[in-house]
Amino acid sequence: MSLRTPETIIETQAVTKRFSGSRGLFRPATFVSAVNAVSLKIRRGETFSIVGESGCGKSTLARLLVRLLHPSEGAVLYQGTDISSLSETDMRRLRKDLQFVFQDPFSSLNPRMTVGALIEEPMKVHTSLSRPERRQNVAELLRKVGLRPAFSNRYPHEFSGGQRQRIGIARALASGPKVIVGDEPVSALDVSVQAQVINLLEDLKAEFDLTLVLIAHDLAVIRHMSDRIAVMYLGEVVELAPNEALYNEPLHPYTQALMQAIPIASPHGRSMDAALTGDVPSPLAPPAGCRFHPRCPHASSLCSTEKPELTETGTDRMIACHHWEKFAGNAQTHLREPPRSANAEKRFTLFRERCQQQEPTTADNP
Amino acid sequence: MSAVISTVEPAEETVRPESRAWKKLKASKSALLGFAIVAFFIGIAVAAPILPIADPAATSWSVVRKAPSAVHWLGTDEIGRDILSRMIWGAQASLMAGVVSVLIAVLVGVPFGLISGYFGGWIDQVISRITDALLATPFLILAIALAAFLGPSLTNAMIAIGLSAMPIFVRLTRGQVLSVKTEDYVEGARAVGLAHFAIMARYILPNVFAPVLVQATLTVATAIIAEASLSFLGLGQQPPAPSWGSMLNVAKNFMTQAPWMAWWPGAAIFLVVLGFNLLGDGLRDALDPRET
């Protein structure tokens, strides 16, 4: 391990995306800043996750990273080149390196193309492989994502959600990319299938030497595979920290609230105090100062007037909060399951025995 | 977990998608019936010169408006021409008017609709406003104006009818494109790095084509009738050469005295349209991989 900071592969510099809202004849145009001056550095080879609740701009940010959307302001740099100013042709060439996996596997595959054609297409665009070579690669990729090569003559509608997402991943891998951005790649899938797809992504990342950027709203999903996590709230990054640090000691009050919201399979771990009150404010008129202050339990008058910058806090973490030092110590450690008492353990074993005894009878009388 | 899930591989049939569509088309009885009807009419239209029939332009004052008989199977018209031979010769003009003009409308209208819906912005504004203007003019008036401008002949009539029917296809395609282009797979095609043209050709066109195909089969009927109206004004098929539309046009004056004059061309137009419709429906289903 060198002491040198790892190489940055994608960097956003104060990138902002505004969408125009309703514009009436006599009303001025309104704008929604879906992403507001976000600066991030994603390192080569890491798994970088972006979390936040719905509407916080994380999908918009993901699309900005691969220029499926144009930033309104700021720049997105891929290996030092500003991709927001590239010509269409140059950008198209660059897409070999930057691939995208969509959230909804049911609408992200062209229903009129066979699986083989879908996976072959990026190779057609970006490589000079011959048809038999491409066919061979398709078979190889299908095998890699856990599907049978013979499936290449079938159509997407013949597959389940998890299988389709695998096809989507195979397609994203086909051009030999360096970065894959996944926009909630598993949130449309069943929980059991989620784990499979997450594991698959992890394996493929190691095998193909990828940098992964994952968008998620479910902290539990990304917990085990991220290197660093950025927490977004209303279009801004409020905290950025390595995985373990974030889960063990969330610093930002919003991150703490998110951690509290993770369900825990232990009656002792549950707390009755509501994590957060109120709703996310309308992004059309975001609150002044810190965007989180109306819902923040620690807000002061400073928070409502002055916007906290995302600042380094030492150990590879960044946080945007005026007061984080004051309450850093009382971070909730809800994630750790408290040990069961001897009594509870006894009750659990009793319950298990009961269940086993009852099973045959319930099977007889459905 | 290993990424490779070992599976037992059964011998899977390697069907190419094209042959699958062809198989499905052949399996559909209604599509085959449609194909048979269309093929029959195209057959007699092509074979007209070699069939042992009377001269379609030969008049005979002794057999004016005669009902179907052994000599004249389908009867005769108001100046004693054999309706059977006029039907057979007319098939050429009518099928050409129906099919070629619809082809012109589709080949011109669909690309404009694709471009308009896909790119949006000022391109869409320009194309849509021109389409609106064309749609504001009644179909037949527009066709007459165009045909008059181009000069009287069957070819020009086909062009005129095709261009008049085009705005419907622009509008229809554009609307379909607007809904299809919001699908993730279109964004996915951009993410893969495909050029706009390839996205339109491979991702959008196949997914908007079903309603266009149905509209096209229905427009065949409109076009055949429109050719009749044009030839009535002397802008379509030039007399004495026959077309079903012009025969129908004349026949309406003799509905009470000689109804058979209207029966045959009417039935023929009905059958051709039915044939195209069945064929179009079958084709639509066969090309859709989701239909089984």
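Chains as they are written, first to last, in the numbering used here: chain H, 156 to 521; chain F, 46 to 337. Note that CB positions come from ideal geometry on N, CA and C, so glycine has one too.
Contact list for residue i against chain H, beta-carbon separation under 8 Å
| i | result |
| --- | --- |
| F:V237 | R250, Q254, E276, P277, V280, R326 and S330 |
For residue i, the first and last residue of its enclosing alpha helix (DSSP H)
| i | result |
| --- | --- |
| F:L131 | The sequence shown places Arg at residue 131 of chain F, rather than the Leu named in the question. Its alpha helix (DSSP H) spans residues I128 to L140. |
| F:R329 | W305 to L332 |
| F:Q221 | L199 to V225 |
| H:F306 | Segment: none, H:F306 is in no alpha helix (DSSP H) and carries neither H nor E. |
| F:P251 | L250 to F277 |
| F:Q283 | That residue, F:Q283, is in no alpha helix (DSSP H); it is neither H nor E in DSSP. |
| F:I149 | S146 to F164 |
| F:G88 | K74 to A92 |
| H:Q320 | G316 to L328 |
| H:D364 | From DSSP, H:D364 is part of no alpha helix (DSSP H); its letter is neither H nor E. |
| H:G176 | Segment: none, H:G176 is in no alpha helix (DSSP H) and carries neither H nor E. |
| F:F242 | H241 to I244 |
| H:R198 | Note, H:R198: premise wrong, no alpha helix (DSSP H); beta strand (DSSP E) at F186 to R198. |
Contact set between residue i and chain F, taken where Cβ atoms lie within less than 8 Å
| i | result |
| --- | --- |
| H:V221 | A236 |
| H:N292 | In chain order: nothing, as chain F lies at least about 15 Å away. |
| H:F257 | D229, E232 and G233 |
Segment limits, beta strand (DSSP E) that includes residue i
| i | result |
| --- | --- |
| H:F109 | A question about residue 109 of chain H goes unanswered here, because the residues of chain H that appear run from 156 up to 521. |
| H:V231 | E228 to Y233 |
| H:E391 | E391 to P397 |
| H:L457 | Note, H:L457: premise wrong, no beta strand (DSSP E); alpha helix (DSSP H) at S456 to T460. |
| H:M387 | R383 to Y388 |
Buried versus exposed call for residue i [16 or more other C-beta atoms within 10 Å across all chains shown]
| i | result |
| --- | --- |
| H:G176 | exposed |
| H:D237 | exposed |
| F:L152 | exposed |
| F:M46 | The predicted position of F:M46 is uncertain, since its pLDDT is 44 and thus under 50; a value taken from the coordinates is nonetheless stated next. F:M46 is exposed by the Cβ-count criterion. |
| H:F503 | exposed |
| F:A268 | buried |
| H:A329 | buried |
| F:F321 | buried |
| F:L328 | buried |
| F:Q302 | exposed |
| H:H225 | exposed |
| H:T432 | exposed |
| H:R491 | Confidence is the limiting factor: at H:R491 the pLDDT is only 48, short of 50, which leaves the residue's position unreliable, though a coordinate-based value still follows. Classification of H:R491: exposed, given that the 10 Å Cβ count is below 16. |
| H:Q254 | buried |
| H:A497 | exposed |
| H:G524 | This structure leaves residue 524 of chain H out entirely; chain H is present only between 156 and 521. |
Contacts that residue i makes with chain H (C-beta to C-beta distance below 7 Å)
| i | result |
| --- | --- |
| F:E228 | S262 |
Interface residues of chain F facing residue i [CB-CB closer than 9 Å]
| i | result |
| --- | --- |
| H:H312 | P334 and R335 |
| H:L265 | Note that residue 265 of chain H corresponds to Asn in the displayed sequence, not to Leu. What H:N265 touches in chain F: E228, Y230, V231, G233, A234, R247, Y248, P251 and N252. |
Contacts that residue i makes with chain H (C-beta to C-beta distance below 9 Å)
| i | result |
| --- | --- |
| F:A240 | E243, T244, R247 and V280 |
Proximity test, residue i beta-carbon vs the ligand NAP heavy atom, cut-off 7 Å
| i | result |
| --- | --- |
| F:R335 | The ligand content of the structure shown is nil, which means the ligand NAP is not present either. |
ask   = When the Cβ atoms of the segment 117-133 of chain F are set against those of the segment 302-311 of chain F, are three or more pairs found closer than 8 Å?
value = yes
task = With 7 Å as the C-beta to C-beta threshold (strictly closer), list the residues of the segment 222-247 of chain H near chain F in chain order.
result = L223 and R247
request  = Name, going along the chain, the residues of the segment 177-200 of chain H whose beta-carbon falls closer than 8 Å to a beta-carbon of chain F.
outcome  = none
inquiry  = Could you check whether the segment 263-275 of chain H touches the segment 205-222 of chain H, counting it as contact only if at least three pairs of C-beta atoms, one from each stretch, sit closer than 8 Å?
reply    = no
query = Pairing CB atoms from the segment 446-459 of chain H with CB atoms from the segment 363-373 of chain H, are three or more of them under 8 Å?
reply = no
query = Is the number of C-beta pairs between the segment 133-151 of chain F and the segment 198-206 of chain F that are closer than 8 Å three or more?
reply = yes
task = For the segment 312-320 of chain H and the segment 280-291 of chain H, state whether three or more C-beta atom pairs, one from each stretch, are separated by less than 8 Å.
result = no
task = Could you say if the segment 457-474 of chain H and the segment 434-444 of chain H meet the contact criterion of at least three C-beta pairs nearer than 8 Å?
result = yes
message = Below 8 Å, how does it come out for the segment 242-260 of chain H and the segment 235-251 of chain F: are there three or more Cβ pairs, yes or no?
response = yes
query = Within the chosen definition, does the segment 242-257 of chain F reach the segment 184-198 of chain F through at least 3 CB pairs nearer than 8 Å?
reply = no
ask   = Does the segment 282-290 of chain F come close enough to the segment 188-199 of chain F that 3 or more CB-CB pairs lie under 8 Å?
value = yes
task = Evaluate contact between the segment 387-404 of chain H and the segment 345-365 of chain H, counting only Cβ atoms and requiring at least three cross-stretch pairs below 8 Å.
result = no
task = Evaluate the contact criterion for the segment 217-232 of chain H versus the segment 163-170 of chain H: three or more CB pairs, one atom per stretch, below 8 Å.
result = yes
query = Given 8 Å as the limit, is there contact between the segment 216-227 of chain F and the segment 153-170 of chain F, that is, 3 or more CB pairs closer than that?
reply = yes
ask   = On the three-pair Cβ rule with 8 Å, is the segment 92-109 of chain F touching the segment 74-82 of chain F?
value = no
ask   = Counting pairs of Cβ atoms below 8 Å between the segment 411-420 of chain H and the segment 459-479 of chain H, do you hit three or more?
value = no
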